[in-house]
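Engineer: So the sequence lines, in the order shown, correspond to chains A and B. With the working numbering as the guide, the letters of the first sequence map in order to residues 33 to 360. With the working numbering as the guide, the letters of the second sequence map in order to residues 5 to 296. Don't be surprised by glycine CBs; every beta carbon is placed ideally from N, CA and C. Handing you this structure, nothing more for now.
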Amino acid sequence: MSDTNAPRIAVGSPKARHILGFEPARFVAFVLFVAVVALAPMVVYPYFLMRVYCFIIFALAYNLLLGFTGLMSFGHAAFFGMGGYLCGWAAREWGLPFELAVLTGTVTAGLMGLVFGWIAIRRTGLYFAMITLALAQMVYFVALQADFTGGENGMQRIPRGTLLGFFDLSDPTILYWTIGVLTLFSVYAVNRIVHSPFGQVLRAIRENPVRAKSLGYNVDRYKLLSFTISAALTGFAASLKAVIFGISTLSDIDVMTSTEVVLITLVGGIGTIFGSVVGAFLILSMEHFLAPYGPWLLLVEGVVFMLFVLVFRRGIVGGLQDWLKRPL
Amino acid sequence: MFDINVNLILGQMVLGMVNGVFYAILSLGVAIIFGLLGVINFAHGVFFMLGAFVAYGLLQFFGLGYWPALILVPMIVGALGIVLEVLLIRHLYRLEHLYGLLLTLGMALAIEGFVRIVFGPQGLPYSMPDNLRGAVNLGFMFLPYYRAWVVVAGVILCFATWYVIEQTPLGAKLRAATDNPKLVQAFGINVPVMLTLTYGAGVALAGFAGVMAAPILSVDPSMGTNIVIIAFAVVVIGGMGSILGAILTGFGLGILEGFTKAIYSEASSTVIFVVMVIVLVTRPRGLFGKVG
Chain A
33 MSDTNAPRIA
43 VGSPKARHIL
53 GFEPARFVAF
63 VLFVAVVALA
73 PMVVYPYFLM
83 RVYCFIIFAL
93 AYNLLLGFTG
103 LMSFGHAAFF
113 GMGGYLCGWA
123 AREWGLPFEL
133 AVLTGTVTAG
143 LMGLVFGWIA
153 IRRTGLYFAM
163 ITLALAQMVY
173 FVALQADFTG
183 GENGMQRIPR
193 GTLLGFFDLS
203 DPTILYWTIG
213 VLTLFSVYAV
223 NRIVHSPFGQ
233 VLRAIRENPV
243 RAKSLGYNVD
253 RYKLLSFTIS
263 AALTGFAASL
273 KAVIFGISTL
283 SDIDVMTSTE
293 VVLITLVGGI
303 GTIFGSVVGA
313 FLILSMEHFL
323 APYGPWLLLV
333 EGVVFMLFVL
343 VFRRGIVGGL
353 QDWLKRPL
Chain B
5 MFDINVNLIL
15 GQMVLGMVNG
25 VFYAILSLGV
35 AIIFGLLGVI
45 NFAHGVFFML
55 GAFVAYGLLQ
65 FFGLGYWPAL
75 ILVPMIVGAL
85 GIVLEVLLIR
95 HLYRLEHLYG
105 LLLTLGMALA
115 IEGFVRIVFG
125 PQGLPYSMPD
135 NLRGAVNLGF
145 MFLPYYRAWV
155 VVAGVILCFA
165 TWYVIEQTPL
175 GAKLRAATDN
185 PKLVQAFGIN
195 VPVMLTLTYG
205 AGVALAGFAG
215 VMAAPILSVD
225 PSMGTNIVII
235 AFAVVVIGGM
245 GSILGAILTG
255 FGLGILEGFT
265 KAIYSEASST
275 VIFVVMVIVL
285 VTRPRGLFGK
295 VG
């Protein structure tokens, strides 16, 4: 992901003091985000916020792959869609409690990621993007024809259940706090992964795969692991979304969902942690306000895409990070 | 589940060739642009769709029918491609390939949104030329003349493209520039202009396919979405570096898709992707790809 224009920022200098695993600037951003999660439901419709949170987790997962490993996937809609379907199926048909249903969706997406990755890692660069896109399209057609997904109607009446057998998630307040805390935890976890020795190797692969290989790292295995983690986290996001809204539909598995997460990542900032947060808020707000105007949304999204690629390809948080010279 | 009926199978395979023509022409364009510009043209399906809509527009607003459209549309779509290359795409060549992909994706969304705003979301009818109405009896099926024409015209177009790239001095320069643009530039060939024209020619091919598809498929803003993904799969299966390989792969997969439709129709939309997986697992560089 080296961009010839932009100054590179050392993401994990060993001397920096860390708070909860965050570098100071990132910790400030995290505290701000905690405040947003805590206060926003007083002014914003909580279901909109929860939708944004799901896409924040989704974008974190995607950014782990694109921003921190340098792999361009165009197939994440498959993980998002199937994760949601399987979580919904586990909750509705098997009667599993919330935690196990979400786990089912997460593990399903992770296993799919393992298979997709195993196939796609045979090729690099742009081929990788084309292959993941084609695999996801295959999964889309399977979902379209399979009975269990409900086809065009979607999988409906997914029950919310209870958290730890005690907290009733049909109470909107409990639901909101559960999702909010899980989102904050996801931000924390992805930051931890990025700064772990494993994350350092991923970044080495992003910068120079040949060199990483010559240093003795099994590049393909690291790529596959990163891909699998990203897919699993995507399935986690989708599972939460299925539980919140009680429905999983074909639009979750459509290629537009992959496009959406790419757009969120690009606008927020490729290779940043809080870019996923800012990007998800911005893009979902834009979709919310433009939804009544139908095809204008598509046109505006396309223009935003081109604008960011041509003049602001570091993204909003990426630009901020360059300006502050601190990783965000 | 399986329904073995020889006439049906043969019939679907012949009809599959029509789709194969579109796959071949589109993947040819994708492969040429990818090879020379290093850009996966996500907008390729949108140019295919635009081809059909421009043909529709020419008929509605200027009374120009199918045959003039077949000449004019590739020129119009190609010109649009050239404008977009000059205004937008060329600024990204020095950057990572990722950004070219994202830009063409943005172009695809914007153009599709624009077409939806102007023409609405539903499919529009485009009637086939009068002199190609009717069908010929092949014994096992009635083949509409129009579909036969699409196959013949598509084959001719593909081989003309192959001839230009593999057998002419222009094509030699093109192939040289694909291998080593700096060296070719040093020989005094204007590589940037070549890139622009290549992009224009690649999308003009997609526009031509769009006109040919207009009377068969419904003229619809999303008609290019799935077909461009198939074109990518064809490029992956065929492998880079062989124009003939891309053409043969496109046709072969169209026929295979028709065959699948006849014996197990539920799998017909996924069979091409399954082939892609098998090829990647057994021969990662593609059927016709060069080593390395």
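(1) Straight-line CA distance for B/V87 to B/M198?
(2) Who are the near neighbours of A/F59 in its chain, counting only those whose CB is closer than 6 angstroms to its CB and skipping five residues on each side?
(3) On the three-state DSSP scale, how would you describe A/Y254?
(4) Take B/Q126 as the anchor and find which of B/L221, B/L257, B/R287 has the nearest alpha-carbon.
(5) Please name the residue or residues paired with A/S280 in a DSSP beta bridge.
(6) Could you tell me whether the Cβ atoms of B/V1 and B/L74 are closer together than 7 angstroms?
(7) Do A/S246 and A/L96 have their CB atoms nearer than 7 angstroms?
(8) For B/G15, does the count of other Cβ atoms within 10 angstroms reach 16, so buried, or fall short, so exposed?
(9) If you drop the 5 nearest sequence neighbours on each side, which residues of the same chain put their C-beta closer than 6 angstroms to that of B/I80?
(10) Suppose the cutoff is 7 angstroms on Cβ atoms and the five residues either side in sequence are ignored; what does the same chain contact list for B/I231 look like?
(11) Is the beta carbon of A/A64 sitting closer than 7 angstroms to the one on A/A72?
(12) Just the Cα atoms here: how many angstroms apart are B/V285 and A/A236?
(13) Kindly confirm or deny that the region 180-198 of chain A and the region 291-302 of chain A touch, where touching means at least three C-beta pairs closer than 8 angstroms.
(14) Assuming B/M145 contacts B/V281 (C-beta within less than 8 angstroms), just tell me the rounded distance between them.
(15) Thinking just about the alpha-carbon of each residue, which of B/M111, B/G69, B/M21, B/N11 is nearest to the one in A/L331?
(16) Output yes if chain A places a C-beta closer than 7 angstroms to the C-beta of B/G24; else output no.
(17) Look up A/D354 in the DSSP assignment and say whether it is helix, strand or coil.
(18) Let me know if A/I348 comes out buried or exposed under the rule of 16 or more other beta-carbons within 10 Å of its beta-carbon.
(19) Could you tell me how far apart the beta carbons of A/A141 and A/A270 are, in whole angstroms, since I believe they sit closer than 8 angstroms?
(20) Counting beta carbon pairs with one atom in the region 59-66 of chain B and one in the region 233-244 of chain B, are three or more of them shorter than 8 angstroms?
(21) At a CB distance below 7 angstroms, what residues from the region 162-187 of chain A approach chain B? Give them in sequence order.
(22) Taking the alpha-carbon positions, what's the B/M132 to B/F118 distance?
(23) So, helix, strand or coil for A/F198, using DSSP?
(24) State yes or no: is the C-beta of A/I89 within less than 7 angstroms of the C-beta of A/S218?
(25) Can you name the residues that DSSP bridges to B/N141?
(26) Please name the residue, chosen from B/I193, B/G143, B/S246, that lies closest to B/L12 on a Cα-to-Cα basis.
(27) Can you give the Cα-Cα distance for A/G311 and A/Y172, rounded to whole angstroms?
(28) For a cutoff of 7 angstroms on Cβ pairs, would you count A/G303 as touching chain B?
(29) Please confirm whether B/N86 has its beta-carbon closer than 7 angstroms to some beta-carbon of chain A.
(30) Of all the options A/A168, A/G137, A/V139, which has the alpha carbon lying nearest to the alpha carbon of A/A152?
(31) Using a Cβ cut-off of 7 angstroms (strictly closer), state whether A/I315 contacts chain B.
(32) Could you give the distance in angstroms between the alpha-carbon of B/G175 and the alpha-carbon of B/F163?
(33) Let me confirm a value: B/Y70 is counted as buried when at least 16 other C-beta atoms fall within 10 Å, else exposed. Which label applies?
(34) Do A/F106 and A/L176 have their CB atoms nearer than 7 angstroms?
(35) Assign A/L356 to buried or exposed, taking buried as 16 or more other Cβ atoms, counted over all protein chains shown, within 10 Å of its Cβ.
(36) Which residues does DSSP pair with B/L128 in a beta bridge?
Structural biologist: Looking at the atomic coordinates:
(1) 14 angstroms
(2) I51
(3) helix
(4) B/L221
(5) A/M187
(6) A query on residue 1 of chain B cannot be resolved here, the shown segment of chain B reaching from 5 to 296 and no further.
(7) no
(8) buried
(9) V58
(10) Excluding sequence neighbours, B/I231 sits near F26, L30, G49, F52.
(11) The sequence given here places Leu at residue 64 of chain A; Ala does not occur at that position. No, these two residues do not count as a Cβ contact at 7 angstroms.
(12) 27 angstroms
(13) no
(14) Actually they do not touch by this definition, with Cβ atoms about 31 angstroms apart.
(15) B/M111
(16) no
(17) helix
(18) By the neighbour-count rule (16 or more Cβ atoms within 10 Å), A/I348 is buried.
(19) 7 angstroms
(20) no
(21) M162, I163, L165, A166, L167, Q169, M170, F173, V174, Q177
(22) Their backbone Cα atoms lie some 26 angstroms apart in a straight line.
(23) coil
(24) yes
(25) B/F146
(26) B/G143
(27) 26 angstroms
(28) no
(29) Note that residue 86 of chain B corresponds to Ile in the displayed sequence, not to Asn. Any Cβ of chain A closer than 7 angstroms to the Cβ of B/I86 would place that residue at the interface, and such an atom is absent.
(30) The residue among A/A168, A/G137, A/V139 with its C-alpha nearest the C-alpha of A/A152 is A/A168.
(31) no
(32) Rounded to the nearest whole angstrom, the CA to CA distance from B/G175 to B/F163 is 13 angstroms.
(33) buried
(34) Against a cut-off of 7 angstroms, the Cβ pair of A/L176 and A/F106 comes out as no contact.
(35) By the neighbour-count criterion, in which 16 or more other beta carbons inside 10 Å mark a residue as buried, A/L356 falls on the exposed side.
(36) B/V223
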